[in-house]
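In our numbering, the protein residues as written are 541 to 836. Glycine is no exception: its CB is placed at the ideal position from the N, C-alpha and C atoms.
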């Protein structure tokens, strides 16, 4: 049985962690594929109005409470935050005192925007889920220049072998694994629980998290065929147990699994399946077209 992988043909990227054999490949938890295809809302700190008031409503007459840092003007504090490279370091410094909250919030937002820069990066790109045994890609998918490029990638191991060697990971490594490898501690493991610092850390992370409008209707869309499937349609099919949906997320079966299935391509090509729903259109099994996840 072949292994399966997901590729972004336009950017020559491979989806990080999307592999293995069926059925583990489909139900191994690939919710971040939605994050690659959907445009997410990110918090802003461009103006004072964007920053929650509890980060900026501290009286300046308490500046002396910063101890040794009180001799530094606020501008220097801002410069210190600018030289912090890791989100968890900035969070720990920001929650050390409420007077640091304003500049700390701005720094954490900037670091997290960089950290989540990949969100929506596959929006509108040609993606395909392929098996390791493929020899040719779907007809009409590549232009002449791309055909020449992929023809050169062929080997005795098949087309996938060359694609795999040339591609780069699309999603970042897990941050927990990154911290463990470098011997770093996440912010919540560094602060004192007795002072309430842990609650402030959790609040700052929550305030700077990317988010998807939970009450909106989300759908996986195909730009070329003008077909789509709504998250609600999947929830209805799944039934009462797994049928609850919030934004683009539906229990254990998100739009990410639909993206995997609808873009599947192997030596034995499966046929399209009509979901027979008023808000679901035929998914295009085995095709590779420009896709995205969007609010309807």
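Cβ separation of residue i and residue j, assumed to be a contact under 8 Å, to the nearest whole Å
i, j, result
"residue 759", "residue 771", "7 Å"
"residue 656", "residue 577", "The Cβ separation is near 14 Å, so there is no contact."
"residue 551", "residue 685", "In fact, because the Cβ distance is near 15 Å, the residues do not count as touching under 8 Å."
"residue 636", "residue 744", "Rounded, the Cβ-Cβ distance is 12 Å, inconsistent with contact."
"residue 579", "residue 660", "5 Å"
"residue 750", "residue 628", "About 17 Å; that fails the 8 Å criterion."
Continuous beta strand (DSSP E) stretch holding residue i: start and end
i, result
"residue 670", "667-671"
"residue 626", "Premise fails: residue 626 is in no beta strand (DSSP E) and is neither H nor E."
"residue 620", "Looking at the DSSP string, residue 620 is not in any beta strand (DSSP E); the run it does join, the alpha helix (DSSP H), is 614-622."
"residue 758", "758-762"
"residue 768", "767-770"
Cβ-based neighbour list, residue i, same chain, cut-off 8 Å, excluding 5 preceding and 5 following
i, result
"residue 626", "651, 724"
"residue 622", "647"
"residue 654", "none"
Alpha carbon of residue i to alpha carbon of residue j, nearest angstrom
i, j, result
"residue 631", "residue 617", "14 Å"
"residue 740", "residue 645", "11 Å"
"residue 672", "residue 547", "12 Å"
"residue 593", "residue 638", "12 Å"
"residue 545", "residue 642", "44 Å"
"residue 736", "residue 748", "19 Å"
"residue 595", "residue 721", "33 Å"
"residue 658", "residue 756", "22 Å"
"residue 670", "residue 765", "20 Å"
"residue 694", "residue 687", "11 Å"
"residue 733", "residue 640", "19 Å"
"residue 591", "residue 746", "13 Å"
"residue 729", "residue 738", "8 Å"
"residue 587", "residue 615", "16 Å"
"residue 681", "residue 690", "12 Å"
"residue 683", "residue 773", "34 Å"
"residue 619", "residue 692", "50 Å"
"residue 597", "residue 589", "12 Å"
Neighbourhood of residue i by C-beta distance below 6 Å, restricted to the same chain and skipping five residues each side
i, result
"residue 811", "Bear in mind that a pLDDT of 31 at residue 811, under 50, signals an unreliable position, so the model cannot answer this."
"residue 624", "630"
"residue 807", "Since pLDDT at residue 807 reaches only 41, below the 50 mark, its modelled position is unreliable, and the value read off the structure follows with that caveat. 673, listed in sequence order."
"residue 486", "The first residue shown for the chain is 541 and the last is 836, placing residue 486 beyond what the model contains."
"residue 649", "583, 585, 748"
"residue 549", "666"
The alpha helix (DSSP H) enclosing residue i, as first and last residue numbers
i, result
"residue 549", "Premise fails: residue 549 is in no alpha helix (DSSP H) and is neither H nor E."
"residue 752", "Looking at the DSSP string, residue 752 is not in any alpha helix (DSSP H), and its letter there is neither H nor E."
"residue 649", "641-655"
"residue 691", "684-693"
"residue 591", "Here residue 591 belongs to no alpha helix (DSSP H), and DSSP marks it neither H nor E."
"residue 575", "572-577"
Own chain, CB closer than 7 Å to residue i, minus 5 neighbours either side, in chain order
i, result
"residue 575", "659"
"residue 604", "610"
"residue 731", "632, 635, 737, 738, 741"
(message) Under 8 Å: do the stretch 578-595 and the stretch 603-620 share three or more Cβ pairs, one atom per stretch?
(response) The way I'd put it, the stretch 578-595 doesn't touch the stretch 603-620; fewer than three beta-carbon pairs between them come closer than 8 Å.
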